[in-house]
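Numbering (the numbering used here), first residue to last: 2 to 509.
Cβ coordinates follow ideal geometry from the N, Cα and C atoms, glycine included.
Nothing here was measured: the structure is a model prediction, and the numbers come from that model.
To keep things clear, I will list the structure first and then write my remarks on it.
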Ligand code: ADP
């Protein structure tokens, strides 16, 4: 153990008993209550903050409120552990990640319950998130083994140029609340596969899942100090301190564009490598020649997955005039049948939004759109309850000056407007500073590619309302971010290219 590590470790107290959550009659989830730093749980006389269940408003658990100094202690440990990890074989890293995958899947129900408790999505969806999130761990266990280097001759024939990939080093990972597990594993898994160590700062609204996942990584044999979780209400202070530390070499962020912009400015000080998955304003375009049933199905997925609280959620439905009435009727009918309630209950299709602020925003957007001439096809208001529930809502013909036309909704509210020509659809779809995802529904292959090629987004879904896939490069253009997560590209975000020039003298 180095002197720095010993000093940092001496700052921590021993773990107290974990918090036990009776998430249902069947499953008891134990959550470590403290920061997971260097294999130690920091608890003791520390400030804490409460995590609320959005379905009831009740406190689920309290966790330690880390200070910037706590995070710097984590940096010291992460830096030391990372150096040893970088020297391990890729086979070893792959084996550890495969073990983590197996345990994550074994404990799927437990993690899913925790996700539902702290974030609100229905249990079936939470299970889906655990599978999806764990799949990143398996994917990068496999990807860790793929050689990424090459040899080429210099043009004059006098040198051989060798390239290989080196781990970027210690990384700060900042995640949002909407996918408490998937947003974490999609960063942690490629970081570990590449040979990096991490400090994860989960969203203050959903810190529990990350603590449990970090515990599972530890159980799988991830060495202490590689995956540190710092839960805090002081995101700005903590991030600023960590990014100013010269031992940190990268920041990967998923969240809003304004915060991403701030982090990019801060990252410039230390020239950190950055990955930014930021906001979206996805258009969903339905052409007259679309298969109505598939379009309605896709439109539902693109809105209701995660209760509309996803950066890839369809935000603007653009429907061609010939199919518009039929689409609006069928889609509104399906939206009105969705069962809203506590995600722990059977048969629930839509849980609460994350907090009071999100609920107020849905109400404001809907009221404003109606005041400016939109009509309401179904839903339209908050549900009177202790939790934060909003009715599945469909608005039709909102005007361009309504706030909903330009704002990321992040709730179960769909706004449908009509268009006449392909060019109009493309122009309106691109009329936003964001460029994350778009959806196109048509049965004409030429049209599908013509439109997709002209859309200014990083991802396009054809005849389906979902683009996320562990093996695909997820990411955006314009104000939606920089870099990609998932696929082979997601690993490169945690690697630097090394190039070696080898002198090559001709021999007789
Ligand atoms: P959302 O609106 O979805 O909550 P945010 O961008 O505010 O999105 O939050 C995403 C993540 O960024 C959360 O973990 C949050 O704590 C963190 N965060 C918010 N503000 C800052 C900041 N100034 N510096 C670093 N992290 C921040």
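So residue i and residue j are in contact, right, with Cβ under 8 Å, and what is the actual spacing, rounded?
i: residue 66; j: residue 49; result: 6 Å
i: residue 221; j: residue 100; result: 4 Å
i: residue 324; j: residue 287; result: 6 Å
i: residue 420; j: residue 429; result: 6 Å
i: residue 380; j: residue 393; result: 5 Å
i: residue 427; j: residue 456; result: 7 Å
i: residue 357; j: residue 179; result: 16 Å between Cβ atoms; not a contact.
i: residue 207; j: residue 119; result: 5 Å
i: residue 229; j: residue 79; result: 6 Å
i: residue 315; j: residue 466; result: 7 Å
i: residue 273; j: residue 249; result: 7 Å
i: residue 370; j: residue 405; result: 5 Å
i: residue 476; j: residue 281; result: Rounded, the Cβ-Cβ distance is 11 Å, inconsistent with contact.
Looking at chain D, is there any beta carbon in it that lies within less than 8 Å of the beta carbon of residue i?
i: residue 383; result: Checking the listed chains, one finds no chain D in this structure; it contains a single protein chain.
Among the residues of its own chain, which have a CB less than 8 Å from the CB of residue i, if the five just before and after it don't count?
i: residue 376; result: 396, 397 and 398
i: residue 293; result: 324, 327, 328 and 331
i: residue 515; result: Examination of residue 515 is not possible in this model, given that the chain is present from 2 through 509 alone.
i: residue 462; result: 299, 303, 438, 439, 440, 441 and 468
i: residue 423; result: 288, 448, 451 and 452
i: residue 333; result: 378, 379 and 395
Where does the unbroken alpha helix (DSSP H) through residue i begin, and where does it stop?
i: residue 410; result: Element bounds for residue 410: n/a, residue is neither H nor E.
i: residue 189; result: 183-195
i: residue 431; result: 423-431
i: residue 131; result: 124-144
i: residue 355; result: Taken as a continuous stretch (DSSP letters only), residue 355 belongs to no alpha helix (DSSP H), as it is neither H nor E.
i: residue 322; result: 322-337
i: residue 304; result: 293-305
i: residue 492; result: 488-493
i: residue 266; result: 258-270
i: residue 455; result: 446-455
Within its chain, find whatever has a CB closer than 7 Å to the CB of residue i; leave out the 5 residues flanking it on each side and keep chain order.
i: residue 87; result: 168 and 196
i: residue 483; result: 275, 276 and 277
i: residue 155; result: 162
i: residue 2; result: Bear in mind that the predicted position of residue 2 carries a pLDDT of just 45, short of 50, making it unreliable; the figure below should be weighed with that in mind. Excluding positions up to five away in sequence, the list is empty.
i: residue 1; result: Outside the shown range of the chain, which is 2 to 509, sits residue 1, and nothing can be said about it.
i: residue 239; result: 67, 69, 72, 202, 231 and 233
i: residue 51; result: 60 and 63
Would residue i and residue j be called neighbours here (beta carbons separated by less than 8 Å)?
i: residue 252; j: residue 193; result: no
i: residue 210; j: residue 116; result: yes
i: residue 473; j: residue 458; result: no
i: residue 279; j: residue 481; result: yes
i: residue 76; j: residue 225; result: no
i: residue 241; j: residue 267; result: yes
i: residue 359; j: residue 313; result: no
i: residue 390; j: residue 349; result: no
i: residue 570; j: residue 403; result: This structure cannot settle anything about residue 570, because the visible part of the chain is limited to 2 through 509.
i: residue 102; j: residue 492; result: no
i: residue 486; j: residue 187; result: yes
i: residue 123; j: residue 352; result: yes
i: residue 256; j: residue 181; result: no
i: residue 500; j: residue 417; result: no
i: residue 412; j: residue 58; result: no
i: residue 308; j: residue 170; result: no
i: residue 201; j: residue 185; result: yes
i: residue 237; j: residue 205; result: no
i: residue 354; j: residue 55; result: yes
i: residue 109; j: residue 132; result: yes
What are the boundary residues of the beta strand (DSSP E) that includes residue i?
i: residue 461; result: 460-463
i: residue 500; result: 496-504
i: residue 94; result: No beta strand (DSSP E) holds residue 94; the alpha helix (DSSP H) holding it covers 91-107.
i: residue 248; result: From DSSP, residue 248 is part of no beta strand (DSSP E); its letter is neither H nor E.
i: residue 69; result: Note, residue 69: premise wrong, no beta strand (DSSP E); alpha helix (DSSP H) at 69-87.
i: residue 278; result: 274-278
i: residue 415; result: 414-420
Can you list, in chain order, the residues of its chain whose CB lies under 6 Å from that of residue i, leaving out five sequence neighbours each side?
i: residue 291; result: 442 and 443
i: residue 489; result: none
i: residue 166; result: 149 and 496
i: residue 190; result: 137, 138 and 141
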